[in-house]
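Going down the list, the protein sequences come from chains A, B and C.
Per our numbering, residue 10 is the first one in the first sequence, and the count goes up by one each step.
Per our numbering, residue 490 is the first one in the second sequence, and the count goes up by one each step.
Per our numbering, residue 6 is the first one in the third sequence, and the count goes up by one each step.
Quick reminder that beta carbons are idealized off the backbone N, C-alpha and C, glycines included.
Please read all numbers here as calculations on a predicted model, not as lab measurements.
The structure appears right after this line, and notes come after that.
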Amino acid sequence: MLWFLVAVPATAALLAFALPWNWGRRLLLVACAACHVGLTAAAVIQRPEPVLNGWIDLDDASLLFLIITSIVFLIASFYTVGYLAREGHRMPTKPGEDAPFVNFPEAVFTGCLLLFLAAMTLVVVSHHWGLMWVAVEATTLVSAPLIYFHRYPRSLEATWKYLVICSVGIALALLGNFFLAVAARTYETSFHLAVADLEHHARQLDPLWLKAAFLLLLVGYGTKMGLAPMHTWLPDAHSEAPTMVSALLSGVLLNCAFLAILRGHALLVKAGLGDFSRELLVLFGLASMTVAAVFIIRQMDYKRLLAYSSVEHMGVLALGVGIGGVAGYGSMLHAVNHSAAKAMLFLAAGNTLAYFHTKSANDVRGVFRVLPVTGILWIVGLLAITGSPPFGTFLSEFAVLKGMVDNNRMLVAVFYLIALATAFVAISATVLPIVFGNAVKDSDHVTADGNSQPFAPIHLLYPPAEPLWSIVPPMLLGIITLIHGLYVPQELSDFLHRAAIATGAE
Amino acid sequence: MTSWLDATLVLLILTSLWLLGSSRLQACIRAVAFQGLLVGLIPLLSKWPEISLRLGGVAVLSMAIKAIVLPAMLRRAVREANVLNEVQPLIGFTTSLLLGIALWGLAMHIAGRLPVQTLNVSAILVPVAIFTVLCGLLLIVSRNTAVMQVIGYLGLENGIYVFGWAFAIEEPLLVEMGVLLDVFVAVFVMGITMHHLSREFDTIETDELSSLKD
Amino acid sequence: MWLFVAGLIVFFGGGVVSLLMRMSPRLASMVGCVAAVTGSLLALGSAAHVLFTGQAAHVTMAWQIPFGSLALGIDSLSAIFVVPIAVIVAVAAIYGGQYLPSSYRSSVIGPSWFFFNLLAATMLLVVVARNGLLFLLCWEGMSLASFFLVLTDHERERTQRAAWIYLAAMHLGTACLLVLFLLLGRSSGDLDFERFTCEPGSAGILFLLAVVGFGTKAGFIPVHVWLPEAHPAAPSHVSAVMSGVMIKTGIYGLLRILTFLGDVPSWSGWTLVVVGVLSGILGVLFALAQHDLKKLLAYHSVENIGIIVIGLGVGLLGLAHRIPPMAVLGFAGAMLHVLNHALFKSLLFLGAGAVQHGTGTRDIDRLGGLLKKMPVTGTTFLVGACAISGLPPLNGFVSELLIYLGVLTGVADSSRVAEVGWALLCVLVVGGLALIGGLAAACFTKAFGCAFLGEPRSEDAERGHEVGAAMRASMVVLAGACFLVALTGPIWPYVYGSAVVAVAPASFHGEVQAAIEQSRFPLMVVCVSSWAFLAMVGLLAMVRRALLSGRQVDRVPTWDCGYAAPTPRMQYTASSFASPILLLFRMFFRPRIGQHLPTGLFPKQASFESETPDVFREYLFEPVFSAVAWTALRLRWLQHGRLQLYVLYIALTILVLFIWKLG
């Protein structure tokens, strides 16, 4: 059962490389994503047995992140089909850059997308440090071609930075794994990195090596997760990748890296060093929120804006776990909500980009006028991502705040609120003019050469219907986060609590 | 075998300094290949004489990849990209070497904070590992071409393997193989990316690669 | 209580239906309007039941959400806020039913009614919520609904900016409330109001959080900056609801929090008095400087919130010093002023909307002579103007009188108070209130005089015409209500008594009850003299009619001393009218005055204009915001595109952590 979760997308990926028909490949993508959701649902109904000496297992935390991965991927795959149908086989030109660019072959793209799913699933279900490391590194490698789908210099640059920065980070995490192994030599001379095994012997581990290992794991996987100051690849990669890849990177991949850090935290908590890791998580959480807020202010590239917002939310997740108690629960809930809200915003941003052909927020006006549904999605996304009711992010950020107040961490709470408020003010200042206003500038606006310049080419004034594939997937994501803001069933709450406890967050 | 191990470790330090100080790409590639060879020797030396077949196999495979395959790929990339055979440092070679010596002090300091004595290995193993990692990082940070950054990354990985091979190479090998494979693929993907870089930008100097910023 | 819940369902249902009816805006408008009126009446019914029987109603419904519960309850404190909300929403809906379709594009009508009903429902929920999370959800829902209403005219850049300022201010205010509620619920672990406790020693900080958090909504100076931006941008019936009742939820919140705090330190009363006097005086001064009728009214909301806060402050001082009559009069005055301000401010906003609808402009300097063209609007506006200036026999007078009496009672009672500053209070409050009243009267002389009297100053004003029947009817109803409150004075202490008791600590209830009885007497005097005044006016009118009957009455232009060619431009303008007062108080704000004074023997051109931006926005918030942005932009080099630097960050991070954390 658990094998299938990884094997199905991996096999489908090989098929996708081989299939000669584009449409068959797109069908395969959706079918495989649907199949993955089906398997996940089956796993929810009946928890599968661990395999491979318990190296691959599905505890509550795994299940939580598996569900997020699976659902966001399915929704993004619908979008991908439409996207590929539109952009896959023509040679779009990039305004402002002279040379037309060619896309990566669709076979490679789809194949890598499916491998990406397989790798992320493996990260989530692996309960062995080495295996998890391999899987995390694999996500980096298979997602690099995804970022470079549109072959033009800027996306290549982003891919290169992504590869090098993440590889360096992951290399440190590998050193962390070895440190863990050394820490475990106190009770066993042979080399064991099974998560359950280590947690079982947690009290016997050498504390100093364990601490050092956690530092390396935190910095290493933190690079992948996008914690400041290791987040630097994130805005570049997210802004240059095709829309649904940005959505997957932000909505799913970052969570997977977060889970890896959580495993380390759980181990330290079991070893009685919980305060050590909590303090660090709080530190990195606050740093991420601060750095993100600084770069969100007057951020005029709306995809970069969303990327920095991801950094901020990763900060919230780390902070919630670091505070512990009910904040840990809030952190789990926030992972769900952030994935849905951010993926939705990236898809909406993709629709906007496809229409206006620019990522500069200065040149996009009146989305609501020309793309009404996308405009609404932007507003919903703005409210959802900034933690306004009635969206789930409000509840989860509230829970994190409650954890701080309950634990009497008032200074952290003040910091947290200031960072959130700054981000809110700055994001809304950028997004509101994008959505509202007039798609064409008033005639009294005159450019330097004396001509009045419309924001969009004239042919764009007659809006094409927004195709269903471009609006239904983000709508679904929006509905998910809306429901979580108004109704969190007791079963879900209990499940999240269990997941938080399993990862030492609560 | 301890003296042999120590000698290897000292050689590792010297190769790291060689990497930092040389101004020729080809020399750097040679240095990193030699480093890979030394790293592959470490498990054999530290476990001598009880060497299982699997351990030997992995060590040989590691040496083959790190000392032959990856350097060959790098050479090919250099040839295809038509890059100058120069390292193009951001900070001078002398400064690099001085910094390298400072890093050795730092590595000793960090290793001193870790409870190394409980490990029953050569006293300089942990500092050498850390030193090699730091030198790799220094190379990435202070050199201006994509090839040198890959070389730096390999140095970083070598440092980590010094540590890992010394303690961690017992069982299960499966994971180790996965790790090795990942590193191989990482460098492979980096190589392909470099190929694209050289085509797009006519150079792999990373000066060109700074258009994405705030 | 179920009546109330039914009302909420009607609001939501009507809102959603009108949102979905995209085909027929007219029908959507009808549905939205009818739903709003029905919902309000249902809510009003349940509030009236609570007020008359004195029995609080509670209901808790099933809802699965972390920390939350769907606990609703109407006690007297809630009920006295439900009443103005329901009344104003109903009247504004009737007005909007006619105003909205004739003033806005048809595509915005459905959404507008959706958000209007949502705003009404969330306001009602805010005042009946009995759970912290529910309260916050509704509180934010209320802000968002009104945010979207402000954005009705979203293609104008000014509107966008106003909406953004509003949204940002609301969010920042709510941040304080989050902490406030979490602190209150910390010891019990959940956020139900009935289990809220104030940890010893934390009353002061909780009080301050409440003042900032709720004050942002209510519009205390200096966190009022969103108010003069957002209210003019919204459609007029929405401004009426926002200014008339929505900002009062801030007052409700403050009162509700006081019920949890128990004994508050006496400085809290002083804080409120000072904030109130400042808001009152500065609010009215800023109002005086405005030419935009709706912006002027928005600043008057700041002023009136100031009066309410003065009342609350006096009440708190009365509680802190154990002077029951002072507490009762202060609180009752504040609560009554909540109702009164709701009535006359909504009336005035509806009037401003009618003026805009009839002429197409709200610039006072371009209006004039509208009383002849819009008699109903003009008359009701005059009633509102008199009421807001605190003139008898209208409602504004009654509530302000109660606050005056509260202070004077306190001062008369000074033997029980050992504070040196007690006389200061008298000067501060009585002087402040008097100044506010006087300036308000001056301001409305300007507003009414320049807009409705004299001759039209522009073609727009020339073209002015009276508005439709529904809009007129809603203004007449509100004007009537302004009289009604004053004429039924003595019943109000009964109505507000139990709410005052709720705010006072338990040990104090008996004395408060007694003080309520005493406070009836002055109101009886007011009531009787008001009736007498009206009777006299009626009598005089009848006498006039009797005297004039059978005679011919000519209508001729006003005598202008024989000047041959008067033009409308010779009239006193609003800017000139306000100029002396503005110059007197120029140290408080920085009016930008552009003037060409007449020079020489034969002056050719002369002009005078003044513009007064909000001092706090211009000299407090904008510098702070730009400083933050400046700092952020200075830090951009951190992400300057070089891969080497990025890897350096990672390397330094791990090194620093190793050196710092391992030792």
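query, result
"Grouping DSSP H, G and I as helix and E and B as strand, with all else coil, what is Val228 of chain C?", "coil"
"With distances taken from CA atoms, which of C:Arg641, C:Leu129, C:Val506 is nearest Ala301 of chain A?", "C:Arg641"
"Could you give the uninterrupted runs of the alpha helix (DSSP H) lying entirely in the stretch 516-559 of chain B, keeping only those of 4 residues or more?", "542-552"
"Do we get a CB-CB distance below 8 angstroms when we pair Glu146 of chain A with the residues of chain B?", "yes"
"Please state whether the Cβ-Cβ distance between Val228 of chain A and Met239 of chain A is less than 8 angstroms.", "yes"
"Measuring only the C-alpha atoms, how far is Thr414 of chain C from Arg418 of chain A?", "45 angstroms"
"Leaving out the 5 sequence neighbours to the left and right, which residues in its chain are closer than 7 angstroms to Leu24 of chain A when beta-carbon positions are compared?", "Leu37"
"Can you give me the C-alpha to C-alpha distance between Ser207 of chain C and Ser286 of chain A, rounded to a whole angstrom?", "31 angstroms"
"Excluding the 5 residues flanking Thr89 of chain A on each side, which residues of the same chain have their C-beta closer than 6 angstroms to its C-beta?", "Met253"
"Anything in chain B within Cβ reach of Leu440 of chain C, meaning under 9 angstroms, just list it in chain order.", "The contacting residues do not exist; Leu440 of chain C stays about 51 angstroms from chain B at best."
"Need the endpoints of the alpha helix (DSSP H) that Ile156 of chain A sits in, please.", "138-156"
"Would you mind sorting Asn371 of chain A into buried or exposed? The rule is 16 or more other CB atoms within 10 Å of its CB.", "exposed"
"Using a Cβ-Cβ distance under 8 angstroms, would Arg641 of chain C count as near chain B?", "yes"
"Name the chain C residues that come within less than 7 angstroms of Met516 of chain A, Cβ to Cβ?", "Outside the displayed range of chain A (10 to 515) lies residue 516 of chain A, so it cannot be described from this structure."
"On the CB-based measure, 16 or more other CB atoms within 10 Å of its CB, does Asp158 of chain C come out buried or exposed?", "buried"
"Measure the C-alpha to C-alpha separation of Val605 of chain B and Ala612 of chain B and round it to an integer number of angstroms.", "8 angstroms"
"Using beta-carbon positions only, say whether Asp245 of chain A and Lys170 of chain A come within less than 8 angstroms of one another.", "yes"
"What is the DSSP secondary structure of Thr402 of chain A, counted as helix, strand or coil?", "helix"
"Taking only beta-carbon positions, decide if Gly426 of chain C is within less than 8 angstroms of chain B.", "no"
"Mind pulling the chain B residues with CB within less than 8 angstroms of His645 of chain C?", "Ser699, Lys702, Asp703"
"Which residues mark the beginning and the end of the beta strand (DSSP E) in which Glu475 of chain A is found?", "Note, Glu475 of chain A: premise wrong, no beta strand (DSSP E); not H, not E."
"Can you pull out the residues from the stretch 554-583 of chain B whose beta carbon lies closer than 7 angstroms to at least one beta carbon of chain A?", "none"
"Since His506 of chain A is in the beta strand (DSSP E), which residue starts that stretch and which ends it?", "Not the beta strand (DSSP E): His506 of chain A falls in the alpha helix (DSSP H), residues 499-511."
"Kindly indicate if chain A contains any beta-carbon less than 8 angstroms away from that of Met679 of chain B.", "yes"
"Which same chain residues end up closer than 6 angstroms to Phe291 of chain C when comparing Cβ atoms and leaving out the 5 residues on each side of it in sequence?", "Tyr304"
"When burial is assigned at 16 or more other CB atoms within 10 Å of the CB, is Trp144 of chain C buried or exposed?", "buried"
"Using C-beta distances below 6 angstroms, list every residue in its chain close to Ala85 of chain A, excluding the 5 sequence neighbours before and after it, in chain order.", "Met253, Ala256, Leu257"
"So Phe607 of chain C is in the beta strand (DSSP E); what residue range does that whole segment cover?", "Careful: Phe607 of chain C lies outside any beta strand (DSSP E) and carries neither H nor E."
"Could you name the residues of the same chain whose beta carbon sits closer than 6 angstroms to that of Val243 of chain C, not counting the 5 residues immediately before and after it, in chain order?", "Leu154"
"Give me whichever residues DSSP pairs with Asn136 of chain C in a beta bridge.", "C:Asp197"
"If you scan the stretch 587-620 of chain B from start to end, which runs of the alpha helix (DSSP H) of 4 or more residues do you find wholly inside it?", "none"
"Let me see if you follow: with CB-CB separation under 8 angstroms, is Lys103 of chain A close to chain B or not?", "For Lys103 of chain A, the predicted structure reports a pLDDT of 49, less than 50, and the residue's modelled location is therefore unreliable. A value from the coordinates is still provided. Judged by the 8 angstroms Cβ criterion, Lys103 of chain A is not in contact with chain B."
"Output needed for Ala19 of chain A: all residues of its chain with C-beta closer than 7 angstroms, excluding positions within five of it in sequence on either side, in chain order.", "Leu124, Ala127"
"Examine chain A for any beta-carbon lying closer than 8 angstroms to the beta-carbon of Val113 of chain C, and answer yes or no.", "no"
"Should the stretch 153-164 of chain A be called in touch with the stretch 180-191 of chain A, which here means at least 3 C-beta pairs below 8 angstroms?", "no"
"Is it buried or exposed, Ser437 of chain A, if we count other Cβ atoms within 10 angstroms and call 16 or more buried?", "buried"
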